[in-house]
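**Student:** First residue of the sequence shown? That's 7 in the working numbering, and the numbers climb one at a time after it. The beta carbon of each residue, even a glycine, is placed where N, CA and C say it ideally should be.
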Amino acid sequence: MSLDKNLNKILIIDFGSQFTQLIARRIRELGVFSEIISNKKIENRHINQSIKGIILSGGPLNVYQINRYTFDKKIIENRVPILGICFGHQILSKLSGGKVKQSKHREFGLVDIKKKNNSILTRNFFDKQNKNRVWMSHADQVSKLPKNFKVIASSNNSKFAIIENKKKNFYGVQFHPEVTHTENGKKLIKNFVFLICKIKKNWSPKDQKIKLIKEVQKIAGTNKVICALSGGVDSSVVAQLLNKAIGKKLFCVFVNTGLLRKNEEIQVVKTFKKKLKINLMYVNAEKEFLRKLHNVSDPEKKRKIIGNLFIKIFERYAKKIKNVKFLAQGTLYPDLIESKSVTGSQTSKIKSHHNVGGLPKKMKLKLIEPLKFLFKDEVRKLGLELNLSKEIISRHPFPGPGLAIRMPGIITKEKIKILKEADNYFIQALKDHNLYDKIWQAYAALLPVKTVGVMGDNRTYEYLCLLRAITSEDGMTADFFDFKKTFIQNISNKIVNSIRGINRVVYDVTSKPPSTIELE
Ligand code: XMP
7 MSLDKNLNKI LIIDFGSQFT QLIARRIREL GVFSEIISNK KIENRHINQS IKGIILSGGP
67 LNVYQINRYT FDKKIIENRV PILGICFGHQ ILSKLSGGKV KQSKHREFGL VDIKKKNNSI
127 LTRNFFDKQN KNRVWMSHAD QVSKLPKNFK VIASSNNSKF AIIENKKKNF YGVQFHPEVT
187 HTENGKKLIK NFVFLICKIK KNWSPKDQKI KLIKEVQKIA GTNKVICALS GGVDSSVVAQ
247 LLNKAIGKKL FCVFVNTGLL RKNEEIQVVK TFKKKLKINL MYVNAEKEFL RKLHNVSDPE
307 KKRKIIGNLF IKIFERYAKK IKNVKFLAQG TLYPDLIESK SVTGSQTSKI KSHHNVGGLP
367 KKMKLKLIEP LKFLFKDEVR KLGLELNLSK EIISRHPFPG PGLAIRMPGI ITKEKIKILK
427 EADNYFIQAL KDHNLYDKIW QAYAALLPVK TVGVMGDNRT YEYLCLLRAI TSEDGMTADF
487 FDFKKTFIQN ISNKIVNSIR GINRVVYDVT SKPPSTIELE
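1) For the 8 Å Cβ check, are there 3 or more pairs between the stretch 100-118 and the stretch 133-145?
2) Mind checking whether Ser160 and Lys193 have CB atoms under 8 Å apart?
3) Using a 10 Å radius around the Cβ and a threshold of 16 neighbouring Cβ atoms, would you call Asp133 buried or exposed?
4) Give me the Cα-Cα distance between Asn54 and Ile476, rounded to the nearest whole angstrom.
5) Check whether the Cβ atoms of Ile374 and Ile225 lie closer than 8 Å to each other.
6) Taking the straight line between their C-alpha atoms, what separation do you get for Thr492 and Phe278?
7) Identify, in the order they occur along the chain, each residue of the same chain with its Cβ nearer than 8 Å to the Cβ of Thr76, setting aside the five sequence neighbours on each side.
8) Which of the three DSSP states, helix, strand or coil, is assigned to Thr466?
9) Go ahead and pull the three-state DSSP assignment for Asp514.
10) Is the stretch 173-181 close to the stretch 21-35, with three or more CB pairs under 8 Å?
11) Which same chain residues end up closer than 7 Å to Asp10 when comparing Cβ atoms and leaving out the 5 residues on each side of it in sequence?
12) Using a Cβ-based criterion (distance less than 7 Å to any ligand heavy atom), does Asp310 qualify as near the ligand XMP?
13) Using the beta-carbon count (16 or more within 10 Å), is Ile272 buried or exposed?
14) Give me the Cβ distance between Phe21 and Gly64, rounded to the nearest whole Å; I'm assuming they're in contact under 8 Å.
15) May I ask you to list the residues that DSSP assigns as paired with Thr144?
16) Can you give me the C-alpha to C-alpha distance between Lys426 and Lys328, rounded to a whole angstrom?
17) Hey, quick one: how far does the beta strand (DSSP E) through Pro454 stretch, first residue to last?
18) Relative to the ligand XMP, is the shortest distance from any of its heavy atoms to the C-beta of Thr228 smaller than 7 Å?
19) Smallest Cα separation from Pro414: which of Leu525, Glu397 and Glu294?
20) Could I get the ranges of all uninterrupted beta strand (DSSP E) runs contained in the stretch 17-89, with 3 residues as the minimum, in chain order?
21) Could you please give me the residues that DSSP links to Asn262 through a beta bridge?
22) Could you round the C-beta distance between Ile97 and Ile61 to whole angstroms and report it? I think they count as a contact, below 8 Å.
23) Would you tell me roughly how many angstroms separate the C-alpha atoms of Lys120 and Asn136, rounded to the nearest one?
24) Got a sec: does the ligand XMP put a non-hydrogen atom nearer than 7 Å to the Cβ of Thr337?
25) Below 7 Å, is the gap between the Cβ of Glu375 and the nearest heavy atom of the ligand XMP?
26) CA-CA distance, Asp480 and Ser210?
27) Going by DSSP in three states, Arg139 sits in which element: helix, strand or coil?
28) Excluding the 5 residues flanking Thr516 on each side, which residues of the same chain have their C-beta closer than 8 Å to its C-beta?
29) Below 6 Å CB to CB, which residues in the same chain sit around Leu201 once its five sequence neighbours on both sides are set aside?
30) Grab me the residues of Val275's own chain with a C-beta within less than 8 Å of its C-beta, minus the 5 sequence neighbours each way, in chain order.
31) Can you tell which of Gly336, Gly238 and Asn361 has its C-alpha closest to the C-alpha of Ser395?
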């Protein structure tokens, strides 16, 4: 159980829908705190005063196969307003005395619904013709309306597309208001949150900052805290938050693996040590990493070597700071959601991820994870509230193993140097053309093949540079970014003309899946 007891909230009970996180985000976008908990974990005794409304999510199960899902049915007896979405609508109907069965006509995709009655839930939701286009994804439907419920809207195939029991404050929608395809879906959620649950706004970056600083101060007391800083968004926000909360009791360790982007170590030291005055220990471990990676070309071996060495070095330096009690980590909310496996990523099973968040458990330090209730976009906003620069906050993700996994084959000093240059030209060109913020992640890679070229009157035989730029929501799936021909032509020219060692550039046009974002 990871419910925050102190903050008023809308509780989302997750039955395994792929959209559950979206529901939470929509509510938080309205400035209201929301939490997700798995249907398997929530019990009636957890429902306390801080829960001002409950949303039952969709899910892949069938209501009539009663043994296949668990749900403490007493939860609906608490006089707390409830909104059921899709499967949640079916459960709410069933538990209230209605019936659910398999639909004759399944509805997937956009469907028109028509208003039948007024409801506070649908204020400003329908168009002038009393219609709306909503996004459905269901094979079952409510077939008998529960007692004391009223139909608010119907589609051709779902008579009970929106229903309500006003006295009890129960509402059910067969469609998904949380997905952007549902027109005015946000308005429906807003009506539930503010008009029905009557909860007040309590979730702005400023609120979060004040709350988190107080919390960190309370947990850490007068003890020392260490934090591994990578310069990425999450660890930067954690470091700055702790800096504001406990100042000189925070000790950050920044390990230069030699596999960072061009001048990254200089920028990190400049920003965090010089500008933000954070206690920063800079460790130059370039040689150690290169030595361990000598002649290693297997991607998994590279990842393991880098992950293990990182931990070893971190521990070595952490020991120099005496009497440390806590380790601060940038764990985010999606990592924490208990039912994540239903909706979650396969990525970590495909590659052994290394990041500074996964630091050693055997150090026996207690954890401080101040971002554990936040989504990535909320972390970015919090970072701005903490006066971190837009440049740090909007940086593209960068993997823990760094350039090592953007260089298939063996790693050499020469290759790293070439790759740093190519990547730098590419990223700078994106910034110069206002493309950087439109792209989720972009990088250059160096492929372990040499090809023949001609420059001037001379034959060249040099490496192949691959450029990758993708758009994505969360890194789980991705599409390649569609550059204009002139942009890609110019950057190719720039790289080939400026960098000795590269004589050919290719652009990766695969999506994820079937490819992954990184090469290894
Ligand atoms: P893939 O290549 O799995 O990448 O499609 C998805 C996202 O994860 C990043 N990535 C990592 N991040 N440690 C990290 O912190 C890692 O070991 C790691 N491997 C991949 C990748 O850059 C992309 O954003």
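**Tutor:** The answer reads as follows:
1) yes
2) no
3) exposed
4) 43 Å
5) yes
6) 38 Å
7) Asn45 and Lys46
8) strand
9) coil
10) no
11) Glu41 and Phe379
12) In the sequence on display, residue 310 carries Lys and not Asp. No.
13) exposed
14) 7 Å
15) The sequence as given places His at residue 144; Thr does not occur at that position. His144 is bridged to Glu113.
16) 36 Å
17) Gln447 to Met461
18) no
19) Leu525
20) 40-44 and 57-62
21) Asn290
22) At roughly 12 Å, the Cβ-Cβ gap does not stay under 8 Å, so Ile97 and Ile61 are not in contact.
23) 6 Å
24) no
25) no
26) 22 Å
27) strand
28) Phe486
29) Ile126
30) Phe260, Leu286 and Tyr288
31) Gly238
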